[in-house]
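Remarks on the structure that follows.
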Amino acid sequence: MKTGSLQISAWSVTYDSYSFALTIRFGQLVTEVEVYADRKTWQQFGKELQTFPHSPTHSVTLRIDREAEIVLTAICYDEEGHAALRVLVADDRVQPGPYRLEFAIPVDIAGLNDLGNKLVAWPQNEYENLYWDAYKS
Numbered sequence: 001m002k003t004g005s006l007q008i009s010a011w012s013v014t015y016d017s018y019s020f021a022l023t024i025r026f027g028q029l030v031t032e033v034e035v036y037a038d039r040k041t042w043q044q045f046g047k048e049l050q051t052f053p054h055s056p057t058h059s060v061t062l063r064i065d066r067e068a069e070i071v072l073t074a075i076c077y078d079e080e081g082h083a084a085l086r087v088l089v090a091d092d093r094v095q096p097g098p099y100r101l102e103f104a105i106p107v108d109i110a111g112l113n114d115l116g117n118k119l120v121a122w123p124q125n126e127y128e129n130l131y132w133d134a135y136k137s
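The sequence shown stops at residue 137 when you use the UniProt record's numbering, and every number in between is there.
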């Protein structure tokens, strides 16, 4: 069953600095935010997701806090290996602000590993989009 999705659009600002527009969906919730970051930030998060989890208490976090804040955290939330991607988006630029949304998307561990594989290989070019769907069996 599909539980959510992530779409990231990237375009180069300088050699390694990119502007990223994120759209994250979970049920009826949809959030969109634009952040600036080094593409290596996403690739490092991807590498950590490729081997997630190391233990039932292991978590992997991506935090970008420039103008707007985005925090993505992969977690196992019980001893049976159920996993989720926690999402926090905060943007004080939105008026009358502040804007803050936090939720968790249930997902199979293999789905988080797949997201890691996609992030490591992305972006190859300017103006390249990444699409990922979260599934839970």
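For each residue, glycine too, the CB sits at the ideal point set by N, CA and C.
Which same chain residues, not among the five before or five after residue i, have their C-beta less than 7 Å away from its C-beta?
i, result
"residue 107", "3, 83, 84, 85, 134, 135 and 136"
"residue 93", "67 and 68"
Excluding the 5 residues preceding and the 5 following residue i in the sequence, name in chain order all residues of the same chain whose CB lies nearer than 6 Å to its CB.
i, result
"residue 127", "11"
"residue 90", "69 and 100"
Quick one: Cα of residue i to Cα of residue j, how far?
i, j, result
"residue 18", "residue 101", "23 Å"
"residue 30", "residue 55", "31 Å"
"residue 5", "residue 79", "25 Å"
"residue 103", "residue 25", "10 Å"
"residue 53", "residue 130", "23 Å"
"residue 118", "residue 97", "33 Å"
"residue 112", "residue 95", "33 Å"
"residue 21", "residue 48", "22 Å"
"residue 125", "residue 23", "20 Å"
"residue 14", "residue 122", "16 Å"
"residue 58", "residue 76", "7 Å"
"residue 45", "residue 9", "17 Å"
Could you check where the alpha helix (DSSP H) with residue i kicks off and where it finishes?
i, result
"residue 176", "The question about residue 176 has no answer, for the chain in this structure spans 1 to 137."
Contact defined as beta carbons within less than 8 Å: I believe residue i pairs with residue j. What is the distance between those atoms, to the nearest angstrom?
i, j, result
"residue 120", "residue 43", "5 Å"
"residue 109", "residue 81", "6 Å"
"residue 88", "residue 71", "4 Å"
What span of residues does the beta strand (DSSP E) with residue i cover, start to end?
i, result
"residue 86", "83-91"
"residue 26", "17-26"
"residue 41", "No beta strand (DSSP E) holds residue 41; the alpha helix (DSSP H) holding it covers 39-50."
"residue 136", "Looking at the DSSP string, residue 136 is not in any beta strand (DSSP E), and its letter there is neither H nor E."
"residue 59", "59-66"
"residue 95", "Residue 95 -> no beta strand (DSSP E), and no H or E assigned at all."
"residue 12", "2-12"
Compute every distance between the C-beta of residue i and the non-hydrogen atoms of the ligand NAD, then say whether any falls below 7 Å.
i, result
"residue 4", "Absence of the ligand NAD is noted for the structure shown, with no ligands found whatsoever."
Kindly say whether residue i, judged by its beta-carbon, lies nearer than 8 Å to any beta-carbon of chain D.
i, result
"residue 25", "Included in the structure is just one protein chain, with no chain D present."
| request: Determine contact between the stretch 63-75 and the stretch 33-42, defined as no fewer than three beta-carbon pairs at a distance below 8 Å. | output: The stretch 63-75 vs the stretch 33-42: in contact.
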